[in-house]
Amino acid sequence: MTVHPTAIVDEGAVIGEGTRVWHWVHISAGAVIGKGCSFGQNVYVGNRVTIGDNVKVQNNVSIYDDVHLEDDVFCGPSMVFTNVYNPRSAVSRKDEYRKTLIRRGATLGANCTIVCGSTVGEGAFVGAGAVINRDVPDYALMVGVPARQVGWMSAFGERLDLPLSGEGEAVCPGDGSRYRLDGERVERFI
Numbered sequence: 186m187t188v189h190p191t192a193i194v195d196e197g198a199v200i201g202e203g204t205r206v207w208h209w210v211h212i213s214a215g216a217v218i219g220k221g222c223s224f225g226q227n228v229y230v231g232n233r234v235t236i237g238d239n240v241k242v243q244n245n246v247s248i249y250d251d252v253h254l255e256d257d258v259f260c261g262p263s264m265v266f267t268n269v270y271n272p273r274s275a276v277s278r279k280d281e282y283r284k285t286l287i288r289r290g291a292t293l294g295a296n297c298t299i300v301c302g303s304t305v306g307e308g309a310f311v312g313a314g315a316v317i318n319r320d321v322p323d324y325a326l327m328v329g330v331p332a333r334q335v336g337w338m339s340a341f342g343e344r345l346d347l348p349l350s351g352e353g354e355a356v357c358p359g360d361g362s363r364y365r366l367d368g369e370r371v372e373r374f375i
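In my numbering, the protein residues as written are 186 to 375.
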């Protein structure tokens, strides 16, 4: 593990081998972080946060309590997580945090917002500036405010030639992996 001298890692935080913590990062005592992760400048990680292996968190991202990132997630610069659905300064709602789950291999683009209580599916791709306010299917390509699905992405990060719904198969042009569309769901099968 590499920790920059300006970073604060509270006693009790669990951080896996090979993880890099850069300038002005704060990792809270209850955080559990996997191996081979990278935390860019000015990142905050809360107490009730779990982060898998090989997660990349770019500059200026705050990962608040009850946010959980599986392996291989990418968090773009200045993207936003929330943990209270209807915050008010004068009303304490710390007992109303909503769990947010980002599944394996998902990409969260720069400046996007993930509203608490949402699950972003495996391999999904959230475009820059999008606002996610509901669950996102595996491998879905989401853009806009509020976000809408405009296509499907491979685990390699290439757009798949599939309609939004129906039946079909596609091959990723980047790595040759195969995907099957069944209704409104895509599965990787090779």
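Using N, Cα and C, we set each Cβ at its ideal position, and we do this for glycine too.
Since we're looking at a predicted model, the values are computed, not measured.
- Separation of the CB atoms of Ser263 and Ala295 is rounded to 6 Å, and the pair is thereby assigned contact status at 8 Å.
- Secondary structure of Asp323 (DSSP, three-state): coil.
- When Cβ pairs closer than 8 Å are counted between the two stretches, the region 248 to 259 is seen to touch the region 286 to 293, the count reaching three or more.
- Residue burial is scored here from C-beta neighbours: Val330 has fewer than 16 other C-beta atoms within 10 angstroms and is therefore classed as exposed.
- Excluding residues up to 5 positions away in sequence, His189, Thr191, Gln226 lie with their Cβ nearer than 6 Å to the Cβ of His208 in the same chain.
- Judged by DSSP secondary structure, Ile287 falls within the beta strand (DSSP E) whose first and last residues are 285 to 287.
- Secondary structure at Glu352: strand, using DSSP grouped into helix, strand and coil.
- Apart from sequence neighbours up to five positions away, the residues of its chain that approach Glu352 with a beta-carbon distance below 7 Å are Leu366, Asp367, ordered along the chain.
- Around the beta carbon of Met186, fewer than 16 other beta carbons sit within 10 angstroms, so the residue counts as exposed.
- Under DSSP, the beta-bridge partners assigned to Leu345 are Trp337.
- Within its own chain, the residues whose Cβ lies closer than 8 Å to the Cβ of Ala309, once the five positions on either side in sequence are excluded, are Arg288, Ala291, Thr292, Val321, Pro322, Asp323, Tyr324, Ala325, Leu326, Met327, Met338, listed in chain order.
- For Gly197 against Cys222, the beta-carbon gap comes to about 17 Å, at or over 8 Å, which does not count as contact.
- Counting along the chain, the unbroken beta strand (DSSP E) around Val371 starts and ends at 370 to 373.
- Beta-bridge partners assigned by DSSP to Thr292: Phe259, Phe310.
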